[in-house]
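Chemist:
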Amino acid sequence: MNDGQGITDSKSTLLFQLEKDIATLLLTKLEHFDLSFERASLIARFILSHLPEDITDEQLEKIIPSLDDEFVELAGIVNKYMLEFEEKNSEALTQEISELVKNKGAGIQIVACKV
């Protein structure tokens, strides 16, 4: 019996969600005639060829910002994920700073990170 977990076991959760979001976008645009079948097919082939199943979430986070370089239709999805990454990184940085302040250890180091 398949409980629905098998798909995400072999793929990263982030990749699965990204592919799902892109598929939903393409289907919606096709349904409303906002995108030709040929263009949707081109985008789908590009995504499948550039995002292998064994890609890590960290690798995917580096690739996502460039997905809309060739396909402007993906800009909304790219923006959504970039905002999520920024929020996640901001929370992690805030937590790290809080720990440093709590510890008040000798030689507190402030590390700059790209968001």
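At the far end of the sequence shown sits residue 115, using full-length UniProt numbering, and the numbering has no gaps. All C-beta atoms, glycine included, are put in the ideal place defined by N, C-alpha and C. Keep in mind the model is a prediction, meaning the values are calculated, not measured.
1) Determine the extent of the alpha helix (DSSP H) in which H32 is found, giving its start and end residues.
2) If you count every other CB in all the chains shown that lies within 10 Å of the CB of A40, and 16 or more means buried, which is it?
3) Sorted by chain position, which residues of the same chain lie with C-beta nearer than 6 Å to E98's C-beta, five sequence neighbours on each side aside?
4) Could you spell out the range, first to last residue, of the alpha helix (DSSP H) harbouring S49?
5) Tell me whether I63 is buried or exposed, calling it buried when 16 or more other Cβ atoms sit within 10 Å of its Cβ.
6) The alpha helix (DSSP H) with T56 in it runs from where to where?
7) Flag this pair as yes or no: are the beta carbons of S12 and I77 separated by less than 8 Å?
8) May I have the straight-line CA-CA distance separating L30 from D21, to the nearest angstrom?
Modeler: Per the coordinate set shown:
1) Locating residue 32 in the sequence shown gives position 32, counting from the first residue. Careful: H32 lies outside any alpha helix (DSSP H) and carries neither H nor E.
2) Within the sequence shown, numbered from 1, the residue matching residue 40 stands at position 40. Buried, since its Cβ has 16 or more Cβ neighbours within 10 Å.
3) The residue labelled residue 98 in the question sits at position 98 within the sequence shown. The sequence as given places Ser at residue 98; Glu does not occur at that position. Excluding residues within five positions, none has a Cβ falling inside 6 Å.
4) Working through the sequence shown from its first residue, we reach residue 49 at position 49. 37-50 is the extent of the alpha helix (DSSP H) around S49.
5) Along the sequence shown, read from residue 1 onward, the residue named residue 63 stands at position 63. Answer is exposed; the Cβ neighbour count stays below 16.
6) On the sequence shown, residue 56 is found 56 positions in, with the first residue counted as 1. Element bounds for T56: n/a, residue is neither H nor E.
7) Taking the first residue of the sequence shown as position 1, residue 12 is located at position 12. Taking the first residue of the sequence shown as position 1, residue 77 is located at position 77. Result no, Cβ atoms of S12 and I77 do not sit closer than 8 Å.
8) On the sequence shown, position 30 is the one that residue 30 refers to. On the sequence shown, position 21 is the one that residue 21 refers to. Approximately 14 Å between the Cα atoms of the pair.
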